[in-house]
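K.L.:
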Amino acid sequence: MKFTKTAVALSAVALVLVSACTTPTVTGSPSAGASESTGGAAGALTMTFLPKNLGNPYFDTSTKGMETAAKEIGATTEQVGPAEAAADAQVQYIETATQQKVSAIALSANDQTALCDSVKAAQAAGVKVVTFDSDAPTCRDLFINQATSEGIAKVLVEMAVDQSGGSGEIAILSATANATNQNAWIDAMKADLKANHPDIKLVEVAYGDDQDQKSFDETASLLQKHPKLKVIVAPTTVGIAAAARYVSTSDAKGKVMVTGLGTPNDMRAFVKDGTVKEFALWNPEELGYLTVHAIKALADGTITGKEGDKFTAGKLGDYTVGANQTVLLGDPYKFNADNIDNFNF
Ligand code: RAM
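Per the working numbering, the sequence shown starts with residue 21, numbered consecutively.
1) For the stretch 311-325 and the stretch 119-129, state whether three or more C-beta atom pairs, one from each stretch, are separated by less than 8 Å.
2) Going by the beta-carbon positions, is the gap between Ala89 and Thr66 smaller than 8 Å?
3) Going by beta carbon distance, what residues of the same chain come within less than 8 Å of Lys354, once the five residues before and after it are set aside?
4) Which ranges would you report for the alpha helix (DSSP H) in the stretch 99-169 if only whole runs of at least 4 residues count?
5) Is there contact here, the stretch 130-139 with the stretch 95-107, by at least three beta-carbon pairs under 8 Å?
6) DSSP state of Phe290, grouped into three classes?
7) Could you tell me the alpha carbon to alpha carbon distance between Gly75 and Asp293, rounded to whole angstroms?
8) Below 8 Å on the Cβ atoms is my guess for Trp302 versus Gly259; work out the distance and round it to an integer in Å.
9) Secondary structure at Asp338, three-state DSSP: helix, strand or coil?
10) Put Ser187 into one of helix, strand or coil per three-state DSSP.
11) When the distance is taken between beta carbons, is Val278 closer than 8 Å to Ala264?
12) Looking at C-alpha atoms only, which residue of Lys248, Asp230, Gly280 and Asp320 is the closest neighbour of Lys272?
13) Which residue comes first and which comes last in the beta strand (DSSP E) that contains Gly280?
14) Using only alpha-carbon positions, find the residue among Thr81, Asp329, Tyr78 and Thr151 that is nearest to Thr68.
15) Helix or strand or just coil, what does DSSP make of Glu327?
16) For Asp80, does the count of other Cβ atoms within 10 angstroms reach 16, so buried, or fall short, so exposed?
17) Shortest alpha-carbon distance to Pro284 belongs to which of Gly274, Leu348 and Phe363?
18) Let me know the secondary structure DSSP gives Asn344 once reduced to three states.
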């Protein structure tokens with residue numbers, strides 16, 4: 021497993037060093053076209069990074085990992101993306117990258133299938149499309165998965181069981197209703213709850229759309245509609261931070277626990293003030309770093325996406341492509357009052 025406490029603490033140090041000496045390119049419009057050369061020679065790889073949305077600390081961190089790996093391999097990179105996490109808003113960026121004939125697009129897909137026409141057009145023009153974080157399983161060349169859906173769901177359910185005492189009402193505050201990743205995790209959570217925790221009742225799945233204000237408002241509404249609620253599980257870094265902020269200053273503090281997937285830097289204050297007992301995540305910086313090394317391996321023919329293909333991802337070491345053209349980063353990790361100060365992302 022790559023995501024040990026030591027590895028993350030070291031990578032947090034690396035993150036500070038990296039951010040001190042590079043300026044990741046972030047452009048908000050497809051026509052802005054400002055790209056940053058990371059030192060690539062003629063014929064070097066060019067990559068467009070397209071997260072679900074800009075301004076999300078989770079993707080800021082994955083981009084740092086991507087930029088680190090791009091420097092190592094001499095690739096030229098550009099990050100683009102919409103302000104709101106919507107698939108139709110991502111299409112224009114895929115089309116622009118296709119016109120620019122970049123070598124590859126690293127995409128966190130806001131929908132399983134809605135991007136596939138533009139993804140296929142990119143591929144027909146010779147652009148590799150590699151999803152990371154949130155997949156478009158029927159059309160991409162490769163998916164870099166942070167952890168299995170079952171593994172993520174298991175950790176989320178474990179925390180909900182622990183924080184509810186094993187019975188009573190819980191609710192989920194998700195990202196967008198179409199997000200491939202959250203929907204897969206929620207389906208796996210429902211299966212786990214049904215099979216193993218019949219005394220826990222999932223009363224509602226609400227959607228904050230990975231927007232801070234909408235997530236905050238949906239939290240208020242969940243608390244109002246479900247007075248017996250014990251736990252809000254938000255499997256989104258934006259949602260969990262907004263839910264914790266709401267609960268921390270409301271009467272629900274101490275009665276309704278907030279858990280899910282968050283970044284340690286967003287959640288630290290809420291762990292310290294008792295709103296949050298425990299939450300989980302993987303290392304987004306490592307996810308970005310692995311994605312760029314996988315793109316290089318795909319572009320230079322080291323891997324084709326076939327199960328069993330092997331490549332080396334720089335300092336993270338060796339990886340093997342699994343079923344369905346998927347590369348797995350590792351396991352999710354739990355953060356709580358005992359360990360949160362060891363992390364800086
Ligand atoms: C948000 C996004 C992202 C997800 C994390 C946990 O930042 O929805 O896709 O992986 O939360």
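We put the CB at the ideal spot given by N, CA and C, even for glycine.
P.N.:
Result, derived from the coordinates:
1) Under the 8 Å Cβ criterion, the stretch 311-325 counts as touching the stretch 119-129, having at least three qualifying pairs.
2) Numbered from 1 along the sequence shown, position 69 holds the residue referred to as residue 89. Numbered from 1 along the sequence shown, position 46 holds the residue referred to as residue 66. Contact: no.
3) Numbered from its first residue, the sequence shown carries residue 354 at position 334. The beta carbon of Lys354 sits closer than 8 Å to the beta carbons of Val175, Met179, Glu298, Phe299 and Ala300 from its chain, once the five residues preceding and following it are set aside; these are given in chain order.
4) Fully enclosed alpha helix (DSSP H) runs of no fewer than 4 residues occupy 107-119 and 136-144 of the stretch 99-169, in order along the chain.
5) They touch, by the three-pair rule.
6) One-based indexing of the sequence shown puts residue 290 at position 270. In the three-state reduction of the DSSP assignment, Phe290 falls in the helix class, which pools H, G and I.
7) Against the sequence shown, residue 75 aligns to sequence position 55. Against the sequence shown, residue 293 aligns to sequence position 273. C-alpha separation (whole angstroms): 26 Å.
8) For the purposes of this step, residue 302 is identified with residue 282 of the sequence shown, where counting begins at 1. For the purposes of this step, residue 259 is identified with residue 239 of the sequence shown, where counting begins at 1. That belief does not hold up - the Cβ atoms of Trp302 and Gly259 are roughly 17 Å apart, past 8 Å.
9) Along the sequence shown, one-based indexing puts residue 338 at 318. In the three-state reduction of the DSSP assignment, Asp338 falls in the strand class, which pools E and B.
10) Within the sequence shown, the letter at position 167 stands for residue 187. In the three-state reduction of the DSSP assignment, Ser187 falls in the coil class, being assigned neither a helical nor a strand state.
11) By 1-based counting over the sequence shown, the position of residue 264 is 244. By 1-based counting over the sequence shown, the position of residue 278 is 258. Yes, the Cβ-Cβ distance between Ala264 and Val278 is below 8 Å.
12) Reading the sequence shown from its first residue, position 252 is the one you call residue 272. A small fix is needed here, since residue 272 is Ala in this sequence, not Lys. Looking only at Lys248, Asp230, Gly280 and Asp320, the smallest Cα-Cα distance to Ala272 is reached by Lys248.
13) In the sequence shown, the residue the question calls residue 280 occupies position 260. Met277 to Gly280 is the extent of the beta strand (DSSP E) around Gly280.
14) Counting from one through the sequence shown, the residue named residue 68 turns up at place 48. Taking Thr68 as reference, the option from Thr81, Asp329, Tyr78 and Thr151 with the minimal CA-CA separation is Thr151.
15) Within the sequence shown, numbered from 1, the residue matching residue 327 stands at position 307. Residue state, collapsed to three classes: coil.
16) As a position in the sequence shown, residue 80 is number 60, starting the count at 1. The residue in question, Asp80, is buried, as its Cβ has 16 or more Cβ neighbours within 10 Å.
17) As a first step, residue 284 must be located in the sequence shown, where it is residue number 264. When C-alpha distances from Pro284 are compared across Gly274, Leu348 and Phe363, the shortest belongs to Phe363.
18) On the sequence shown, residue 344 is found 324 positions in, with the first residue counted as 1. In the three-state scheme derived from DSSP, where H, G and I count as helix and E and B as strand, Asn344 is classed as helix.
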